[in-house]
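Residue numbers (full-length UniProt numbering), protein chains in the order written: chain A, 1 to 383; chain B, 1 to 383; chain C, 1 to 383; chain D, 1 to 383.
Note that CB positions come from ideal geometry on N, CA and C, so glycine has one too.
This one's a predicted model, so the numbers in the text were calculated from it and none came from an experiment.
Okay, so here's the structure we're looking at.
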């Protein structure tokens, strides 16, 4: 409703502004019995954090997560997991020129129009810094999915007009973290890197896109119509800051395919069950998962904060002025967006796994250990 | 949760299967005092209904809506509006071959995987017939938006590789209903029509896309992050059956723009207020409306039901078989999809208007008439 | 949000006014594979319907339910169950004096204050007639609970100052439907009946209360804090028209018990599991079910529509006037409230059974029959 | 869904266990422009905190709140308000005997039955310590209500069989904080205090109840049926730990009133508007506020943690054992429950104020100051 909650059964609630004291995130609905540590979460935070390479902002944030609740002896307890991440390197003075003069294509004007005010330091709540919370929550979702046999991965598949060729899931896993661009096709990654640096030197920025894929999702996830897997993925991915397009399967290209070309015939798999011959449908049919890999793509526009001078209109002085957005900014978003897209994919899938009862909403059944009180005969699970 | 509800304050709940007795829809959260009749709703239903032209299915459904509640003396009362639309021309026998042998790229397999069964006649709940409910609800939303000064319109902007040139909002309104394709560029419409008929004669079908635009939305609609206007539009549009891509503003093309190209500078409007020089941002900045026209695009794949023979796998007999989906089907979806996309746009916008208090959730203030009991001094609205 | 929805996973959405064309109800989230017929629902509707005895209103409504969707070959399909119940005996003219002069302690004034208007015939949306929808939905919930081994029952345990002694669950089942008052203690029922008739003859009405009990609920239902079983029962029961108090366990009497008196010690049951020695806690500890019977009580005030003359204030004419609420009304609410309380109890419990995964949200596992497509090896349920 | 969220537009999300590192709470949906400081919140936290008198637990928690986000220059910004309260005086060793042997009538057994584990230190998530979050959130709600002219107050109106006489709202405000019991009738407070100490010395505890009242709520708050003001208050109050009964207006006594006795006639107020002669309806008619004071009562059972020896059953050893719950505990709950009940009342009312548009969900209109960007002509609020 107010924009800081995601999920139906696996619920994420966030707080925090770019230059505020801390970012924070509460995950509720994670079943008891999942092994979880701060390190598990930190690994993904480190993939998103600023300052990790020459093509990211130089803001220095360690993004150390601190879990405040919901874990006992290394396992989740089923109650809310509160997490806090301190902001340590905020420098708001660079944003003062923009308090009453909105930066072009940022949320400055629109937040002020909505709230009559806004936290202006570093973009406040509208800053992509807030996705640190998503990645923290998404790391928990991934852990839970892994437990259920679902894996997922994303990589940068296009920067400007440089498109990577199709890669296998194995290539995705092997190569996407091996370069600063996070493109799983090493040769393309190099060309992308060069292009990004070119724009960066010009004081400009550039757009790109992210391909994502999930393997191991059982058939039957998603609900008819408004809560279809595609609709909820649509919401999830269109939440990602700077996203202007979401596609799955053949996506936007589907408009140029005939039915007979795009339709996937059925055959039997080795165990005698129907299975689609191809996967032009991106793992989703009628809004519900088919058991095939779920894949799609997200386009992120170029960062709006650029050193190049742009025109703004100061509503207090009534003057037009040319301003540079100095701060410390990314010249391109997809490389740091990869873990964010993965997080939103994980959060969406884990919710459907819980909603379909495929992951037990209260507790994982195979939780070992001393507090295993799985004892009551009138509990149907124990029969 | 279960897929048959849309909206937070303006809530739509639907029921019905393609070959069931009736379709139905309950709208709650429509404020009191809106003038509303069955005719207002029927006008949009007629744009969506089958059998309206040579390039739609020949199923004969009048789609007459019957309002059961929520209206008194021609005005809404603020309580739920129940609507029922009878199904009159269901012929299920054509679907019998597919009870245990899923039609390619339909929801047959996935619904069965989820529910262990499905209503197989005409595709049951997975059929696009169900969008009749959405259009009924959307017609109410449009009426409410019109009352608040917001207009919206969609048209078919591409079929196969035939793309319409950009059209103005005025052209959209003037031409989109003047041809069977619902393309606002008459000359392109003719070429599209010819192309569709070509595929239709081959026993095949073809994909396409729909452009939508809304005018008059005030700045400040949408909420930060997961409930941004773009995220909720994403969910809404990705719900539309056969949709594989959603974009707004520059959409997927944004990946090839630099920041300095895409960013929209600020100037002052005639009244001295900041206004963007251009609208590459599609009316949404930081997830919140800027006051500029909101526009975007939805891609719909080709109808999966085609007369051409396709292979399926019968899970009961264990046999592969070639089947034609005979029934009565559309050769292309966007022409009938136009009112559906408009409905989802309207439902999304009206919800944000209510959530921001710009439309009063309880009642329209200017409701005339004998039961106007706007009398109580302690009601702050009356002061 | 707007008051016509109940439930999180098992969702009920209603429409209809007392004197409108029809009442209606959509149940979504009922798993596939539940055997269900109109007769199953009708049985409970008949217990609630008007005109069933001398101590109910004489309005003549057959309350025949018509299921429009969601059932195939006698089993639920997992998709929304749409139900419609025609209104047949509305006589609105008796309500004309009250259009601008609110009936005492009714919702007339408050609905008008909220919406600036109201459907005045028969009380419109505020009428308890609307609970016909709840009972229809509740009948489905009961069927699902029975499938999971949970039974529930209510009866009238007090009218005016005539209180029934405690009865066993067996007595509840045996006697509560055997008399018009629906009190499971036959002798008390007679005294209650006489007292009700006494007030009825005086042109007055009287209050009372309903005791409810559920057996077979496993331990572990409910969630911490705001979604505790007690909190959600509180919402459910306080929704019942005319309810002014809700209690469970020792309820209001608990204020006069010490900890050592009220606390229930633990012992072992025959299978060696901890079980409480007594059940002063009403089956709920820390907001979560203990496995013991869940019981509580709901108080309903006297019907506000009485033939006795009462004073109202006409806001149009500015005159005070004495009016009788003529219509056709109940002299007491609990006898017809019994199936309503049962419905709300069932809806609350079934929701928690689904939320905890104890009932599979997609489908019942033991559904027999020809469309049983429980075949896919990658579906974890099938392993 | 998972129990740690309350509210529809004014949303509270909490985390934290009794003996965990910290408690925390995120409030989203608070409009921009509300003056707010940590001191405003601290005042209510101090009323709830342990160790405040001889009749509360001696656990030493300063309960200092730290606001992490959502405030700028002393005013809310409309974005989430993150708050953290450190736990400082947890001593878990006293709880070790109960890890596998549930304390009588606590949530120990039921949490373990649900989650298969539980955080056992100090009762973990089931501890009433968690209400520190509610009070923090409630303090913000109260501030917002005060801004809209709504005041509310609670006091202890019964302990054991000692009932306070009715008190006026003025007395409530004047006396309820003047004694340790928080009873607004000083003489009764003394008797209550003596009684509590008596039980305390016996190593026992006692129940009691809390009366609450809100003034200034406009008519028209609440929605029909399941979201009525009474239903949502029911949920809110039944969430309060140890609550076993909720009533409003005549409450449970209503069962012994006739319609003619309980019904409130209408007259005109000094300005010529209908107003009820009395307020037996507790400010709620048909589930919607009437404009009269909203009042009711909540019963809290005796604390279950008592020094007296009680029997428990150890599911690991299979032995029955007698245990004392040593820890540091309250001998009675209502004195510290008063701010908790006020918080839940405030959270419920503020939500309805937002839902009805009576408080603007985006921002308070009279917010002064330098960032007031209330400038855009197409924003209808500015016309």
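Inter-residue spacing [alpha-carbon to alpha-carbon] between residue i and residue j
i	j	result
residue 157 of chain C	residue 304 of chain B	60 angstroms
residue 221 of chain D	residue 260 of chain C	42 angstroms
residue 91 of chain B	residue 15 of chain B	19 angstroms
residue 268 of chain C	residue 102 of chain D	12 angstroms
residue 170 of chain B	residue 46 of chain B	22 angstroms
residue 289 of chain B	residue 111 of chain A	9 angstroms
residue 189 of chain B	residue 126 of chain B	29 angstroms
residue 360 of chain A	residue 185 of chain C	42 angstroms
residue 217 of chain A	residue 164 of chain A	25 angstroms
Proximal residues of chain B, C-beta to C-beta of residue i below 8 angstroms
i	result
residue 222 of chain C	Under the 8 angstroms cutoff, chain B gives no residues; its nearest Cβ is about 18 angstroms from residue 222 of chain C.
Residues that residue i contacts on chain C, provided the C-beta gap is smaller than 8 angstroms
i	result
residue 229 of chain A	Ordered by position in chain C, no residue passes the 8 angstroms Cβ test against residue 229 of chain A, which lies about 14 angstroms from the chain.
CB contact below 8 angstroms: residue i versus chain B
i	result
residue 96 of chain C	no
residue 290 of chain A	yes
residue 239 of chain A	yes
residue 32 of chain C	yes
residue 6 of chain A	yes
Neighbouring residues, chain A, relative to residue i (Cβ below 8 angstroms)
i	result
residue 404 of chain B	Nothing can be reported for residue 404 of chain B: it is not among the residues displayed for chain B, which extend from 1 to 383.
Min CB distance residue i to chain D below 8 angstroms
i	result
residue 15 of chain A	yes
residue 362 of chain A	yes
residue 48 of chain A	no
residue 59 of chain C	no
8 angstroms Cβ cutoff, residue i in contact with chain C
i	result
residue 37 of chain B	no
residue 368 of chain B	The pLDDT assigned to residue 368 of chain B is 38, lower than 50, so where the model puts this residue is not dependable, and the model offers no usable value.
residue 301 of chain D	yes
residue 138 of chain B	no
residue 195 of chain D	no
Proximal chain A residues relative to residue i, where beta-carbon distance stays under 7 angstroms
i	result
residue 10 of chain B	Those do not exist, as residue 10 of chain B stays about 13 angstroms from chain A at its closest Cβ, beyond 7 angstroms.
residue 209 of chain B	255
Neighbouring residues, chain D, relative to residue i (Cβ below 9 angstroms)
i	result
residue 69 of chain A	15, 16, 17, 20, 21, 22, 23, 24, 119 and 125
Proximity test, Cβ basis, 8 angstroms: residue i and chain A
i	result
residue 79 of chain C	yes
residue 45 of chain B	no
Partner residues on chain D for residue i, Cβ-Cβ distance less than 7 angstroms
i	result
residue 115 of chain A	32, 77, 78, 362 and 363
Interface residues of chain C facing residue i [CB-CB closer than 9 angstroms]
i	result
residue 206 of chain D	255, 256, 257, 258 and 259
Beta-carbon neighbours of residue i, restricted to chain A and to distances below 9 angstroms
i	result
residue 234 of chain B	231, 233, 234, 235, 236, 237, 238, 239, 243 and 246
Chain-ordered chain B contacts of residue i [CB-CB under 9 angstroms]
i	result
residue 53 of chain C	Those within 9 angstroms of residue 53 of chain C in chain B number zero; the least Cβ separation is about 28 angstroms.
Under 7 angstroms by beta carbon: chain C residues contacting residue i
i	result
residue 2 of chain B	11, 28 and 29
Chain D contact residues for residue i, given Cβ-Cβ distances below 8 angstroms
i	result
residue 135 of chain A	Within chain D, no residue comes near residue 135 of chain A; the closest Cβ sits about 17 angstroms away, beyond 8 angstroms.
Between the stretch 285 to 297 of chain C and the stretch 307 to 318 of chain C, do at least 3 Cβ pairs fall closer than 8 angstroms? no
Does the stretch 270 to 283 of chain C come close enough to the stretch 222 to 231 of chain D to have 3 or more Cβ pairs within less than 8 angstroms? no
Under 9 angstroms (Cβ pairs) to chain C, residues found in the stretch 340 to 362 of chain A: 354, 355, 356, 357, 358, 359, 360, 361 and 362
With contact counted as at least three CB pairs below 8 angstroms, one residue from each stretch, are the stretch 53 to 69 of chain B and the stretch 328 to 336 of chain B in contact? yes
Tell me which residues of the stretch 155 to 177 of chain B have at least one Cβ-Cβ distance to chain A shorter than 8 angstroms, keeping chain order. 158, 159, 160 and 161
Specify whether the stretch 129 to 146 of chain C and the stretch 17 to 29 of chain C touch according to this definition: at least 3 beta carbon pairs, one from each stretch, less than 8 angstroms apart. yes
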